[in-house]
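Report on the structure given below.
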Amino acid sequence: MFRRGKDGEGRVVVELSDAGTGIDIRKQGTGLIVDFMKTSVPEHLRRKLDVTDFGTPVLGVETRVMGENVRMTITPKGLWEHNAYQTDNQFVVEVKEIVEDPNKLVQGTKIGYQGPRVSINYQNGDVRALLRLMAEELGLNAVISETVTGTTTLVLKDVPADQVIDIIFQQKGLDMRKKGNIIMIAPRDEIATREKLDFESRQQINELEPLQMEQFMLNYQRAADVARLLSGAEQRGGSAAEGGGAIATQKILSKRGSAVADPQSNILFVTDIPSKLAEIRTFIKTIDVGARQVMIEARIVEAQDNFNRELGAKINFINSKAVQLGGSGIYTAGGSMTPATSTTSGGVTTTTPPTLVQNPMMGINLPSYSSTGGTFALSLFNAAATRILNLELAALQSDGLGKIISSPRVVTANNVEAKIEDGTEIPYVTPASGDSPATITFKPAKLMLTVTPQITPEGTVKMKLEVKKEEADWTKAVAITGSNGVSYLNPPIKSSVVQTNAVVENGGTVVVGGVFINDIQNGVEKVPFLGDLPALGWLFKYKSEKTTRRELLVFITPRIISDKLRLN
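Rendered as structure tokens:
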């Protein structure tokens, strides 16, 4: 497996079946050879890999069988160095490019001196002769100036050769400059004077060098924008809301150079000296590339869980027989007396005595409830059906679960802000007052996603996010009445907003925000004293329990859109 490291190095990762496998790694010519002793490799891995597109110092990796061994040949380019290490069953070879430092005798990325170690006992010897010997020890092509004079005494044991030369430079005020594979050694003042004269000479050449014009056909960038970059004009650094403003850029053109853009053909005409035209050519080639695109998907999940429980009992007593109080002729409610009546038929008068009429009545009804759930009724009555005792048990339990999912998606270029909105605007009425008529203003109640993605070198996506979910709550609308007697309903806006910066891997999902609300309400209705009795108190008590849970989560998933589809 081949990967690109975070610093641009090429990494060859080998999975070993046995952590004790013998490995021999060495440089050979311009390549790197890795031999795995007494092992085998699957048939599909015996091939040559072209890894040039990874942009590392490694051009190719070839794996083949050599007798009982397996040989891996790594082909780098330019100046490079390698590092190999093993962790359990994984063996890794890193090949890193060496950036040549003209002020270092031995090139490499390691910190410190890296030359071969030498021991010196030099008494009052000539400095020029000592520098010549050290250059031969390091295998350097050295030119030592005639102005390097003096003697020195050194007694050193087992010291890197490049450190010895550095000590001599510090002691005698010397310095070096490297051109190709040749180093020039001279006093620091002499080198500084020479470089100053060389710089002034180049400046004079630039002022006298004839100008040339070159045209550039731009594919992705606008010619006018590139012309402003070359001339060092002010650029806009984002919107004012983001704190952006004018950004002054350094001029790339020379003093006599100019750039003219043709908006219609998107061609840029640059007039400058040949050396500057070469720099501008490289600059335009670097920036005139297609921007990578990113699709941002947001999922806003709003879940509601409702739970309601009611439990209670109702007892009532019905008496359908009137009861006389002593001999007074007064009866309790529940019955009434009809008066005596007389009828005459054929000269005969018949008198009907007063009678008692039974009327049902409700004696007890405790407590009251409004349950819409199931009830269980039990009635006890006497044989004459004159008295009935009713007992009703009421129980209600309701569960509600709701989920609302909103999924806005937007595609934008790398480092370009994108916004998507969906929703409506709520009219708000300001009632008439006096001679002023009613006015209407609109407030947004929308689902909005605003994002600015940035693709990192590691392939992750860094995002500046703003997710807003708004809706009108008509259940809490406020009625406003104007002077003309007309009423209007103005609802409040329920808003959920998340603003954050997040780094997410390509295709990964992260929760960038969430709100959890838990509302618990308990209520008890009972008959005083009777409702507090142990056990029997439930016959005179009604209890309700209501729980509402609301949870809002915002999920973000970025996906880098590939601009190339390739079949292997």
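Reminder that position 395 of the sequence shown reads as 388 in this note's numbering, one-by-one numbering, no gaps.
Where a beta carbon is used, it is the ideal one built from N, C-alpha and C, also for glycine.
Note that the structure is a prediction, hence the values are computed from the model and not measured.
Same chain, Cβ closer than 6 Å to residue i, neighbours up to 5 away in sequence not counted
i: residue 285; result: 407, 448
i: residue 296; result: 396, 544
i: residue 392; result: 300
i: residue 145; result: 120
i: residue 174; result: 134
i: residue 77; result: 18, 86
i: residue 25; result: 67, 75
i: residue 443; result: 412, 459
i: residue 497; result: 454, 503, 551
i: residue 456; result: 444, 446, 495
i: residue 429; result: none
Delimiting residues of the beta strand (DSSP E) encompassing residue i
i: residue -3; result: -5 to -3
i: residue 499; result: Note, residue 499: premise wrong, no beta strand (DSSP E); not H, not E.
i: residue 171; result: 167 to 172
i: residue 344; result: 341 to 345
i: residue 212; result: Careful: residue 212 lies outside any beta strand (DSSP E) and carries neither H nor E.
i: residue 24; result: 24 to 29
i: residue 474; result: 471 to 474
i: residue 465; result: 453 to 465
i: residue 482; result: 480 to 483
i: residue 338; result: 334 to 338
Those residues which DSSP pairs with residue i across a bridge
i: residue 418; result: 437
i: residue 43; result: 53
i: residue 541; result: 299, 512
i: residue 519; result: 534
i: residue 146; result: Paired residue(s): none; residue 146 is not in a bridge.
i: residue 12; result: Paired residues: none, contrary to the question.
i: residue 529; result: Paired residues: none, contrary to the question.
i: residue 411; result: 444
i: residue 618; result: The displayed coordinates of the chain run from -6 to 561. Any statement about residue 618 would go beyond what the structure contains.
i: residue 468; result: Paired residues: none, contrary to the question.
Sequence-distant residues of its chain with Cβ nearer than 7 Å to residue i (five each side left out)
i: residue 436; result: 418, 419, 421, 486
i: residue 483; result: 421, 422, 470, 471, 473
i: residue 546; result: 294, 504, 507
i: residue 541; result: 299, 512
i: residue -2; result: 4, 87
i: residue 140; result: 179, 180, 183
i: residue 247; result: 199, 265, 266, 269
i: residue 8; result: 82, 83
Nearest neighbour of residue i, chosen from the options [CA to CA]
i: residue 135; options: 143, 141, 125; result: 125
i: residue 22; options: 216, 63, 281, 73; result: 73
i: residue 183; options: 195, 168, 47, 501; result: 168
i: residue 82; options: 26, 144, 16; result: 16
i: residue 47; options: 26, 14, -6, 541; result: -6
i: residue 35; options: 56, 28, 50, 24; result: 56
i: residue 149; options: 141, 497, 161; result: 161
i: residue 256; options: 290, 268, 218; result: 218
i: residue 441; options: 214, -1, 400, 3; result: 400
i: residue 222; options: 210, 244, 206; result: 244
i: residue 647; options: 433, 438, 431, 409; result: Given a span of -6 to 561 for the chain in the structure shown, any question on residue 647 remains unanswerable.
i: residue 39; options: 25, 54, 271, 50; result: 54
i: residue 494; options: 446, 282, 91; result: 446
i: residue 159; options: 138, 189, 127; result: 127
i: residue 2; options: 289, 411, 450; result: 450
i: residue 84; options: 502, 14, 31, 147; result: 14
i: residue 80; options: 10, 64, 115; result: 10
i: residue 215; options: 409, 461, 281, 31; result: 281
i: residue 224; options: 289, 117, 273; result: 273
i: residue 259; options: 212, 276, 304; result: 212
i: residue 203; options: 501, 171, 249, 305; result: 249
i: residue 492; options: 549, 501, 539; result: 549
i: residue 302; options: 278, 429, 89, 517; result: 517
Endpoints, alpha helix (DSSP H) assigned at residue i
i: residue 186; result: 181 to 201
i: residue 425; result: Taken as a continuous stretch (DSSP letters only), residue 425 belongs to no alpha helix (DSSP H), as it is neither H nor E.
i: residue 406; result: Premise fails: residue 406 lies in the beta strand (DSSP E), 402 to 406, not in any alpha helix (DSSP H).
i: residue 224; result: 216 to 224
Own chain, CB closer than 8 Å to residue i, minus 5 neighbours either side, in chain order
i: residue 335; result: 342, 343, 344, 345
i: residue 519; result: 360, 525, 530, 533, 534, 535
i: residue 152; result: 110, 111, 112, 113
i: residue 52; result: 43, 44, 45, 68, 69, 70
i: residue 466; result: 484, 485, 486, 487
i: residue 138; result: 177, 178, 179, 180, 183
i: residue 205; result: 264, 265, 266, 267, 270
i: residue 63; result: 28, 29, 32, 33, 34, 56, 57
As an exercise, report each continuous alpha helix (DSSP H) stretch of at least 4 residues that is fully enclosed by the segment 234 to 298, in chain order. Every unbroken stretch of the alpha helix (DSSP H) spanning 4 or more residues and falling wholly within the segment 234 to 298 is given here in chain order: 267 to 280.
Can you give, in chain order, each stretch of the beta strand (DSSP E) that sits fully within the segment 67 to 144 and has at least 3 residues? With a minimum length of 3 residues, the unbroken runs of beta strand (DSSP E) contained wholly in the segment 67 to 144 fall at 73 to 80, 83 to 90, 110 to 119, 134 to 137.
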